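Q:
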Amino acid sequence: PVILQEAVKILGQCCDPFTGGEKISIGILSTVGQDASSHQDIHVLKTPVPNDLEKAWDIAETRLHQGCPYARCNRLTLYKRLNVLGVPYCGYAWSKEDSSVFFQRTPQDFVPGVIKYIFSTGEEDQQKYYFTLRHNIPLAAEHQDPFQLYGDFGAELWSSTHSQHLDIVPVSTSRICHSISMKWGETDVVLKPLNRVSSSAWFEQS
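Numbering (the working numbering), first residue to last: 79 to 284.
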């Protein structure tokens, strides 16, 4: 889409004086506007559920149900890819671009991160889908974010290091969108959200 190409041009112009013209990662732009029909092959991952995901789900499951009665679900189905309204999301083992996102970590914090796992719970007619993510660590105190002066542009400077903590968010009710990025020095990265919000209208797994 033209609007995404324009966003890349603007980000590049803002960053050129500081980066010597290093290119921005924009691989996501080749897929973000695709129709879902380009991903018809359903591909459930047959690998065992990783231990770190099991531990994170044990903690998150109760929180996500907010104290309401529920039947505990021990069966998790892993996916390589999940399409949300035609927009592909992947775990970062499969695609750097399609796993780089901004997500609503708390009601106050819309933060960048990467998708590590995609999974569902429940039977086929009542499946619920989740992203498991590692968020970027905030900028070190001694570093200043020059983009704070340009809030309307939406770019932010973050550490390129990701937390070891796993956040689990439901796809159907969480604000999430892809991001574009560019290295900033040795330890930081410029990140800008591409504001495509998820919806529970339909999903397609692959």
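By construction, the Cβ of each residue, glycine as well, lies at the ideal position given by its N, Cα and C atoms.
Please read these numbers as outputs of a predicted model, since none were measured by experiment.
Classify Tyr228 as helix, strand or coil using the three-state DSSP reduction.
A: Translated into positions along the sequence shown, residue 228 becomes position 150. The answer is helix: DSSP assigns Tyr228 an H, G or I state.
Q: How many angstroms separate the CA atom of Asp230 from the CA atom of Lys270?
A: What you label residue 230 is simply residue 152 of the sequence shown in a count that begins at 1. What you label residue 270 is simply residue 192 of the sequence shown in a count that begins at 1. The alpha-carbon atoms of Asp230 and Lys270 are separated by roughly 11 Å.
Q: Any chance you could list the beta strand (DSSP E) runs of at least 3 consecutive residues sitting entirely within the stretch 173-232, in chain order?
A: Here the runs fully enclosed are 178-182, 188-199, 206-213.
Q: Given a threshold of 16 other Cβ atoms within 10 Å of its Cβ, counted over all protein chains shown, does Asp245 qualify as buried or as exposed?
A: By 1-based counting over the sequence shown, the position of residue 245 is 167. Looking at its Cβ environment, which holds 16 or more other Cβ atoms inside 10 Å, Asp245 is buried.
Q: Hey, how far is the Cα of Arg183 from the Cα of Val247?
A: Translated into the one-based positions of the sequence shown, residue 183 becomes position 105. Translated into the one-based positions of the sequence shown, residue 247 becomes position 169. Answer to the nearest angstrom: the Cα atoms are 8 Å apart.
Q: Report the three-state DSSP secondary structure of Asp266 (helix, strand or coil).
A: Position 188 of the sequence shown, counted from the first residue, corresponds to residue 266. Correct three-state label for Asp266: strand.
Q: How would you write the range of the beta strand (DSSP E) that Asn161 sits in, first residue to last?
A: Walking along the sequence shown from the start, residue 161 turns up at place 83. Element bounds for Asn161: 159-162.
Q: Is Asn273 helix, strand or coil when you go by DSSP?
A: What you label residue 273 is simply residue 195 of the sequence shown in a count that begins at 1. DSSP places Asn273 in coil when its eight states are reduced to three.
Q: Under the assumption that Leu160 contacts Tyr207 (Cβ atoms under 8 Å), give the Cβ distance between them as a whole number of angstroms.
A: The count along the sequence shown starts at 1 and reaches residue 160 at position 82. The count along the sequence shown starts at 1 and reaches residue 207 at position 129. Indeed they touch by this definition, with Cβ atoms about 6 Å apart.
Q: Run the CB neighbour count on Leu227, radius 10 Å, all protein chains shown included, and call it buried at 16 or more, exposed below.
A: On the sequence shown, residue 227 is found 149 positions in, with the first residue counted as 1. So Leu227 counts as exposed.
Q: Thinking just about the alpha-carbon of each residue, which of Gly164, Glu220, Val179, Phe209 is nearest to the one in Glu139?
A: For this step, residue 139 is matched to residue 61 along the sequence shown. Out of Gly164, Glu220, Val179, Phe209, Phe209 has the C-alpha closest to the C-alpha of Glu139.
Q: Rounded to whole angstroms, what's the CA-CA distance from Ile258 to Thr265? Just pull it up for me.
A: Start at 1 with the first residue of the sequence shown, and residue 258 comes out as number 180. Start at 1 with the first residue of the sequence shown, and residue 265 comes out as number 187. Approximately 17 Å between the Cα atoms of the pair.
Q: Between the Cα of Ala171 and those of Val179, Arg153, Lys194, spot the shortest distance and give me the residue it belongs to.
A: The sequence position of residue 171 within the sequence shown is 93, counting from 1. Ranking the options by Cα distance to Ala171, first place goes to Lys194.
Q: Quick one: measure Cβ to Cβ for Val189 and His240, integer angstroms, because I've assumed they're closer than 8 Å.
A: The residue you call residue 189 lines up with position 111 of the sequence shown. The residue you call residue 240 lines up with position 162 of the sequence shown. Rounded, the Cβ-Cβ distance is 11 Å, inconsistent with contact.
Q: Here's a check: name, in chain order, each residue in its chain whose Cβ is nearer than 6 Å to the Cβ of Glu220, leaving out the five neighbours to either side.
A: Numbered from its first residue, the sequence shown carries residue 220 at position 142. Answer for Glu220: no residue qualifies.
Q: Ile137: buried (16+ other C-beta within 10 angstroms of its C-beta) or exposed?
A: One-based indexing of the sequence shown puts residue 137 at position 59. That one is exposed.
Q: Cβ atoms of Ile196 and Ala232: under 8 Å apart, would you say?
A: Stepping through the sequence shown from its first residue, residue 232 is reached at position 154. Stepping through the sequence shown from its first residue, residue 196 is reached at position 118. As written in the sequence, residue 232 is Gly, which differs from the Ala given in the question. Cβ distance not < 8 Å, so Gly232 and Ile196 don't count as in contact.
Q: Just mark Asp176 as buried or exposed, buried being the case when its beta carbon has 16 or more other beta carbons within 10 Å.
A: Residue 176 sits at position 98 when you count from the first residue of the sequence shown. Asp176 is buried by the Cβ-count criterion.
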